[in-house]
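Start counting the sequence shown at 0; every next residue gets the next number (numbering that gives the first Met the number 0). Note that the Cβ used here is the ideal one computed from N, Cα and C, for glycine as well. Since the structure is predicted, the reported quantities are computational estimates derived from the model, not experimental observations. Structure record follows, encoded as structure tokens.
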Amino acid sequence: MCGIVGYVGDRPCADILVDGLKRLEYRGYDSAGIAVVNEGVLDKRRAEGKLANLVSLLSDDPVDGPTGIGHTRWATHGRPAERNAHPHRKGSIAVVHNGIIENHLAIKSELSDQGHVFKSETDTEVIAHLVWKHREAGHALAEAVRMSVLRLEGAYSIVVLDADTPNTLVAARLASPLVLGVADGEGFVASDIPAILAHTREMAFIDDGVMAIVTPEGSTLRRIEDDAPVELKTQTVTWSPAMAEKGGHKHFMLKEICEQPDAISNTIRGRISLERSTVELPELDAVADALSDVSHFYIVACGTSWHAGMVGRYLFEELAKVSPHVELASEFRYRRAPIDKKTLVLAVSQSGETADTLAAIKDARGRGATVLSICNVIEASIPRASHATLYTHAGPEISVASTKAFTTQVAALHLLALHMGATRGAIDEATLSADLDALVRVPAILESMIGDDTPYMEFARAWHEATSMLFLGRGNLFPLALEGALKLKEISYIHAEGYAAGEMKHGPIALVEETVPSVFLNPRDDHFGKVRSNLQEVKARGGPVLTVYTEGHEDATRLTDFAIPIPEVPHRVLPLICAIPMQLLAYHMADFKGTDVDQPRNLAKSVTVE
Ligand code: M6R
Numbered sequence: 000m001c002g003i004v005g006y007v008g009d010r011p012c013a014d015i016l017v018d019g020l021k022r023l024e025y026r027g028y029d030s031a032g033i034a035v036v037n038e039g040v041l042d043k044r045r046a047e048g049k050l051a052n053l054v055s056l057l058s059d060d061p062v063d064g065p066t067g068i069g070h071t072r073w074a075t076h077g078r079p080a081e082r083n084a085h086p087h088r089k090g091s092i093a094v095v096h097n098g099i100i101e102n103h104l105a106i107k108s109e110l111s112d113q114g115h116v117f118k119s120e121t122d123t124e125v126i127a128h129l130v131w132k133h134r135e136a137g138h139a140l141a142e143a144v145r146m147s148v149l150r151l152e153g154a155y156s157i158v159v160l161d162a163d164t165p166n167t168l169v170a171a172r173l174a175s176p177l178v179l180g181v182a183d184g185e186g187f188v189a190s191d192i193p194a195i196l197a198h199t200r201e202m203a204f205i206d207d208g209v210m211a212i213v214t215p216e217g218s219t220l221r222r223i224e225d226d227a228p229v230e231l232k233t234q235t236v237t238w239s240p241a242m243a244e245k246g247g248h249k250h251f252m253l254k255e256i257c258e259q260p261d262a263i264s265n266t267i268r269g270r271i272s273l274e275r276s277t278v279e280l281p282e283l284d285a286v287a288d289a290l291s292d293v294s295h296f297y298i299v300a301c302g303t304s305w306h307a308g309m310v311g312r313y314l315f316e317e318l319a320k321v322s323p324h325v326e327l328a329s330e331f332r333y334r335r336a337p338i339d340k341k342t343l344v345l346a347v348s349q350s351g352e353t354a355d356t357l358a359a360i361k362d363a364r365g366r367g368a369t370v371l372s373i374c375n376v377i378e379a380s381i382p383r384a385s386h387a388t389l390y391t392h393a394g395p396e397i398s399v400a401s402t403k404a405f406t407t408q409v410a411a412l413h414l415l416a417l418h419m420g421a422t423r424g425a426i427d428e429a430t431l432s433a434d435l436d437a438l439v440r441v442p443a444i445l446e447s448m449i450g451d452d453t454p455y456m457e458f459a460r461a462w463h464e465a466t467s468m469l470f471l472g473r474g475n476l477f478p479l480a481l482e483g484a485l486k487l488k489e490i491s492y493i494h495a496e497g498y499a500a501g502e503m504k505h506g507p508i509a510l511v512e513e514t515v516p517s518v519f520l521n522p523r524d525d526h527f528g529k530v531r532s533n534l535q536e537v538k539a540r541g542g543p544v545l546t547v548y549t550e551g552h553e554d555a556t557r558l559t560d561f562a563i564p565i566p567e568v569p570h571r572v573l574p575l576i577c578a579i580p581m582q583l584l585a586y587h588m589a590d591f592k593g594t595d596v597d598q599p600r601n602l603a604k605s606v607t608v609e
């Protein structure tokens, strides 16, 4: 995710801004920039790549002054490049922005008709133009910003600088974090606490729909909707710098688990219209023919992304009436699977750099297939080797164990299956509308599930020294059983097997004994009775059992030793919901064992070798 820092005061601020951005480096970024105002002159420096590039640019061609803004960008609209880096400028105005402006194309076209010329491919640049336009019309800076953000749909935290309004920054927030730092004779603003923690511990967290006017004499808050004053409440932050990087969580993995409601909102934002009951994926226009007329359909991926692909198969079968082969990229690339001009290959990859997945799609493309990818990193190698890409917009994932990348891939696959169903005329309106409704409810449901760690801690306390575990599920929760086992083994080093519960009696049941716990995914769905029988088979052999069950369905907990409730949801979104207990279980087991949760042994975040 992008990072923001801003300063007003009496010190030259270029170093303060760069230092603040350095403290946000852990979040991942692909370009950086600052803009400062000195005696009414606005200047900016931006560089692609690491902050070191910006630092070297600043040392060759310095800019400085007592008011400034800085940004690290993680590309969402427009590839990583200097021209797309923030701050974006129009006239005396410079803007930095985190988030996604859903209606930027409409605003851009309206402003272009009025003669505005845009220099970047970003959604952000429209904000600079809007603010400048309102300033030109004679409005004060704060009012110009307020009028501008009232036009924006989506999510944003922005900070605006105006060369003609000295010693002032105006910030605004909607669904993207923003914090003010309060100090004597200085004002700070940032997207995250670590950026300004070295300067002050007195902070005020800005709420959604609120803007801040930041000056060295102090800050004032106004409600964006009606310009009404809002009380500024500060608090003292006692976090250490390391804690602050992790948002107060002990590990990045936990932080990323907790970020999933926002991450999934970002995946579906702007792509669903509930009023029209449509999925809008204009980025797939280039492959429209391939989506409607498919001879062979392969999903290729590795690890957790392969599990997401397996969930996808259920979605494509039910919603688009097409049955993809879900392939491990490391195997598929060496097979001679039939490929022709009507073959669709869908690569799923968080990083977009996984060597096997990349090689598999290059080979398939070379043999005539249309290649589509689902990826989290803009302009990574896999998107560049694809005909079209659906980005997940999950934000950077730091922990090696994939969490929010997985659920956002599943959400993107769901959107794609609905889109393909509509394109192929395979889905009826009622199903489409019910699924869209279910998807938009997911973030709030996940939010309600994150927070109470008690059942996970209880299980981890009892079983963190286990040497082997089984994970079992049926239907679209079979891939979740695989994912639960992978999560557990990679971070806790406990051997774990994921199985389709119906396969138990064909082998794995031989492993069941008093020291081998089994985790059953058994919510109230079509498979409930069958999974329950499998659970009974385990209990009959003395195996300890943890059941993930539907809240209120107490009957499901009769035979179990440990129980984790989940809310009742339509069956196609169950995998998204069940991902949370799988992740939290693995996390607490590993934390109890004291392993290196974020950087488990022998593993790399991005596997760029065969
Ligand atoms: O970046 P990718 O999604 O292509 O990575 C694929 C796997 O290496 C990855 O999902 C891996 O299995 C995760 N670390 C598991 O948590």
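Look at residue 556 here: in three-state DSSP terms it is helix. Remark: the shortest separation between the CB of residue 349 and any heavy atom of the ligand M6R falls under 7 Å. In summary, residue 482 is buried, with 16 or more beta-carbon neighbours lying within 10 Å of its beta-carbon over all protein chains present. With respect to residue 331, residue 597 sits apart: the two C-beta atoms are not nearer than 8 Å. Remark: the shortest separation between the CB of residue 607 and any heavy atom of the ligand M6R does not fall under 7 Å.
With contacts defined by Cβ atoms closer than 8 Å, residue 91 and residue 162 form a contacting pair.
Straight-line spacing of the CA atoms in residue 390 and residue 397 works out to 18 Å.
Only residues of its own chain outside the window of five on either side were considered, and among them 454, 457, 458 and 545 have a CB closer than 7 Å to the CB of residue 561, listed in chain order. Secondary structure at residue 549: strand, using DSSP grouped into helix, strand and coil.
Only buried fits residue 582, as 16 or more other CB atoms lie within 10 angstroms of its CB. Taking the Cβ of residue 399 as the reference point, at least one heavy atom of the ligand M6R falls within a distance shorter than 7 Å. Only residues of its own chain outside the window of five on either side were considered, and among them 50 have a CB closer than 7 Å to the CB of residue 21, listed in chain order.
With a cut-off of 7 Å, the C-beta of residue 69 is classified as distant from the ligand M6R, since no heavy atom of the ligand falls inside that distance. Ranked by how close their Cα comes to the Cα of residue 360, the residues 262, 349, 447 and 380 have 380 in first place. A straight line joining the alpha-carbon of residue 26 with that of residue 349 spans about 15 Å.
Per DSSP, the beta bridge partners of residue 42 are 35. For residue 497, the beta-bridge partners assigned by DSSP are 470. The Cβ atoms of residue 117 and residue 109 do not sit closer than 8 Å to each other.
Within the same chain, Cβ atoms closer than 7 Å to the Cβ of residue 409 are found at 307, 310, 574 and 575, the five residues on either side in sequence being excluded. Out of 371, 42, 121 and 10, the CA that lies nearest to the CA of residue 419 is found in 371. Contact fails between the stretch 336 to 346 and the stretch 441 to 449, because fewer than three Cβ pairs, one in each stretch, are under 8 Å apart. Residue 259 sits in a helix when the DSSP states are folded into three classes. With a 10 Å radius around the Cβ and a threshold of 16 neighbouring Cβ atoms, residue 97 comes out buried.
As DSSP reads the structure, residue 217 sits in a beta bridge with 214. For residue 552, the CB contacts under 7 Å within the same chain, skipping 5 residues up- and downstream, are 523 in chain order. Under the three-state reduction of DSSP output, residue 565 falls in the strand class. When DSSP states are grouped into helix, strand and coil, residue 201 belongs to the strand group. Taking all protein chains in view, the Cβ of residue 417 is crowded by 16 or more other Cβ atoms within 10 Å, so the residue is classified as buried. Distances from the alpha-carbon of residue 299 to those of 140, 473 and 312 put 312 closest. In this structure, residue 394 has its CB at a distance of at least 7 Å from all heavy atoms of the ligand M6R. Going by beta carbons, residue 569 and residue 433 fall inside the 8 Å limit.
Beta-bridge analysis with DSSP links residue 374 to 348 and 390. Fully enclosed alpha helix (DSSP H) runs of no fewer than 4 residues occupy 287 to 291 of the stretch 260 to 307, in order along the chain.
Excluding its 5 nearest sequence neighbours in each direction, residue 54 has C-beta neighbours in its own chain below 7 Å: 17, listed in chain order. At the C-beta level, residue 174 and residue 203 stay beyond 8 Å of one another. In the DSSP assignment, residue 57 falls within the alpha helix (DSSP H) that extends over 50 to 59.
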